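S.K.: Below: one structure in structure tokens.
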Amino acid sequence: GDFDGAAQAWMQVANLAPNDEDALVMLAQAHRQRKDYDGVKDAMERHLTIVDDLARKVSIYFELAGLAENERNQPDEAVALYDNILDLDAGNIAAYEALEQALAKAERWYDIVEVLTRRADHCASQGDEKGEIDVLMRASDLWLSPIGNSEAASEILERVRARQPHYVPALVRLAKLYEAAEDWPRCQEILENALRLGPTGKDAADLYVRLGRAIELQSGDASSVTQALAHFQRNDRRIAAQPRP
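Written out as structure tokens, the structure reads:
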């Protein structure tokens with residue numbers, strides 16, 4: 003039970019055999035048992051310098067990051083360590099997620115958007131269009147809330163639209179952003195594109211109503227909403243029978 007003595011002994015072993023991984027692992031464990039977390043960090047950092055295997059190196063970085071977050075209360079250090087992992091392994095999903103969580107705890111929203119954009123770029127480079135779009139949609143949500151930058155959100159959604167012109171969720175969000183900005187021509191364009199994809203039910207009803215509103219606010223013709231709804235009725239009788247907003 004003499005953890006101090008154990009730490010001293012393993013330190014001597016590590017100094018005599020600096021390339022002995024087992025000695026450094028045991029040294030880190032001894033320091034952890036005595037709650038000397040700076041000592042754990044030092045032993046693990048020494049371990050990193052002698053490891054060549056990528057998977058093992060990444061594993062040690064994860065351990066160091068967890069130590070920084072949980073025992074040493076050094077969130078910024080943890081963020082830097084997760085960044086190191088991504089420098090080594092740009093597609094490491096666990097590192098992206100851990101980095102996002104660490105940044106969210108500190109409410110570093112702009113940094114999270116940067117991480118998400120970096121992740122989307124990697125997905126694009128690997129031909130993973132679905133992954134790219136999913137990540138970009140999350141980035142657009144962050145730009146909207148809590149950051150509150152609708153223009154930046156629109157830019158992200160336009161990137162999604164360029165990648166996948168028929169992706170309805172992006173079209174719907176873009177339309178709402180252009181509505182809020184009172185950019186009625188662009189709003190109308192987006193809504194018409196969304197309707198050409200053939201939505202049905204309440205989603206279609208909502209799009210038609212909003213399209214009529216956009217036309218009305220451009221032309222000053224109040225009958226445009228009625229015309230849009232009438233067109234909708236001809237295309238979907240089931241929803242026409244339901245109460246209208």
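Using my numbering, the first residue of the sequence shown is number 3, and each one after it goes up by one. Note that the Cβ used here is the ideal one computed from N, Cα and C, for glycine as well. Please read all numbers here as calculations on a predicted model, not as lab measurements.
Are the CB atoms of Ile135 and Trp111 nearer to each other than 8 Å?
M.R.: What you label residue 135 is simply residue 133 of the sequence shown in a count that begins at 1. What you label residue 111 is simply residue 109 of the sequence shown in a count that begins at 1. Not in contact: Ile135 and Trp111 (Cβ atoms no closer than 8 Å).
S.K.: Around the Cβ of Ala207, are there at least 16 other Cβ atoms within 10 angstroms (buried) or fewer (exposed)?
M.R.: Locating residue 207 in the sequence shown gives position 205, where the first residue counts as 1. By the neighbour-count rule (16 or more Cβ atoms within 10 Å), Ala207 is buried.
S.K.: How about Leu69 and Lys43: are their beta carbons less than 8 Å apart?
M.R.: By one-based count along the sequence shown, residue 69 stands at place 67. By one-based count along the sequence shown, residue 43 stands at place 41. Their beta carbons are under 8 Å apart, which means Leu69 touches Lys43 by this criterion.
S.K.: Going along the chain, which residues of its own chain have a beta-carbon closer than 7 Å to the beta-carbon of Asn193, five neighbours each way excluded?
M.R.: Within the sequence shown, numbered from 1, the residue matching residue 193 stands at position 191. Note on residue identity: the sequence assigns Leu, not Asn, to residue 193. Answer for Leu193: Ala177, Leu209, Arg212, Leu213, Ala216, listed in chain order.
S.K.: Judging by CA-CA distance, which residue of Ala104, Val27, Asp6 is the nearest neighbour of Arg36?
M.R.: For this step, residue 36 is matched to residue 34 along the sequence shown. The option with the nearest alpha carbon to Arg36 is Asp6.
S.K.: Quick check on this structure: which residue in Ala122, Gln76, Glu65, Gln103 has the alpha carbon closest to the alpha carbon of Gly93?
M.R.: Numbered from its first residue, the sequence shown carries residue 93 at position 91. For the residues Ala122, Gln76, Glu65, Gln103, the minimum Cα distance to Gly93 belongs to Ala122.
S.K.: If you measure between the beta carbons of His49 and Gly41, is that distance less than 8 Å?
M.R.: Numbered from 1 along the sequence shown, position 47 holds the residue referred to as residue 49. Numbered from 1 along the sequence shown, position 39 holds the residue referred to as residue 41. Not in contact: His49 and Gly41 (Cβ atoms no closer than 8 Å).
S.K.: For Glu153, does the count of other Cβ atoms within 10 angstroms reach 16, so buried, or fall short, so exposed?
M.R.: Along the sequence shown, one-based indexing puts residue 153 at 151. Classification for Glu153: exposed.
S.K.: Go ahead and pull the three-state DSSP assignment for Arg74.
M.R.: As a working note, residue 74 is residue 72 in the sequence shown. Coil, per DSSP.
S.K.: Out of Ala97, Asp54, Glu131, state which residue places its alpha-carbon closest to the alpha-carbon of Glu65.
M.R.: Translated into positions along the sequence shown, residue 65 becomes position 63. Residue Ala97 is the option with its Cα nearest to Glu65.
S.K.: Put Leu130 into one of helix, strand or coil per three-state DSSP.
M.R.: Taking the first residue of the sequence shown as position 1, residue 130 is located at position 128. The question names Leu, yet the displayed sequence has Asp at residue 130. Three-state result, Asp130: coil.
S.K.: Just to confirm, is the Cβ distance from Leu88 to Lys59 under 8 Å?
M.R.: Locating residue 88 in the sequence shown gives position 86, counting from the first residue. Locating residue 59 in the sequence shown gives position 57, counting from the first residue. No, these two residues do not count as a Cβ contact at 8 Å.
S.K.: Is Gln128 close to the ligand GTP? I mean its beta-carbon at under 7 Å from any heavy atom of the ligand.
M.R.: As presented, the structure is devoid of all ligands, the ligand GTP included, so that no description of it is given.
S.K.: Answer yes or no: do Leu29 and Ala9 have a C-beta to C-beta separation smaller than 8 Å?
M.R.: Taking the sequence shown and counting its residues from 1, one reaches residue 29 at position 27. Taking the sequence shown and counting its residues from 1, one reaches residue 9 at position 7. Contact flag set, yes.
S.K.: Count the other C-beta atoms from every protein chain shown that fall within 10 angstroms of the C-beta of Gln190, then say buried if there are 16 or more, exposed otherwise.
M.R.: One-based indexing of the sequence shown puts residue 190 at position 188. Answer is buried; the Cβ neighbour count reaches 16.
S.K.: Which residues in the same chain as Gly133 place their Cβ atom closer than 7 Å to its Cβ, once the five residues preceding and following it in sequence are excluded?
M.R.: On the sequence shown, position 131 is the one that residue 133 refers to. For Gly133, where only same-chain residues beyond five positions count, the Cβ hits under 7 Å are Cys125.
S.K.: Return the CA-CA distance between Gln220 and Ala182, expressed in angstroms with no decimal places.
M.R.: Along the sequence shown, one-based indexing puts residue 220 at 218. Along the sequence shown, one-based indexing puts residue 182 at 180. Straight-line Cα distance between these residues: approximately 14 Å.
S.K.: Excluding sequence positions up to five away, which residues of its chain have a Cβ less than 8 Å from the Cβ of Met46?
M.R.: The sequence position of residue 46 within the sequence shown is 44, counting from 1. Correct list, in chain order: Leu26, Ala30, Ile62, Glu65, Leu66, Leu69.
S.K.: Assuming the contact rule is C-beta atoms closer than 8 Å, Ala104 and Ala80 should be a hit. Round their C-beta distance to whole Å, please.
M.R.: The sequence position of residue 104 within the sequence shown is 102, counting from 1. The sequence position of residue 80 within the sequence shown is 78, counting from 1. 5 Å between Cβ atoms; contact.
S.K.: Once you ignore the five residues that flank Ala16 on each side, which residues in its own chain have a CB closer than 8 Å to its CB?
M.R.: Counting from 1 along the sequence shown, the entry for residue 16 is found at position 14. Cβ neighbours of Ala16 beyond the five flanking positions: Asp22, Ala25, Leu26, Leu29, Ala45, Arg48.
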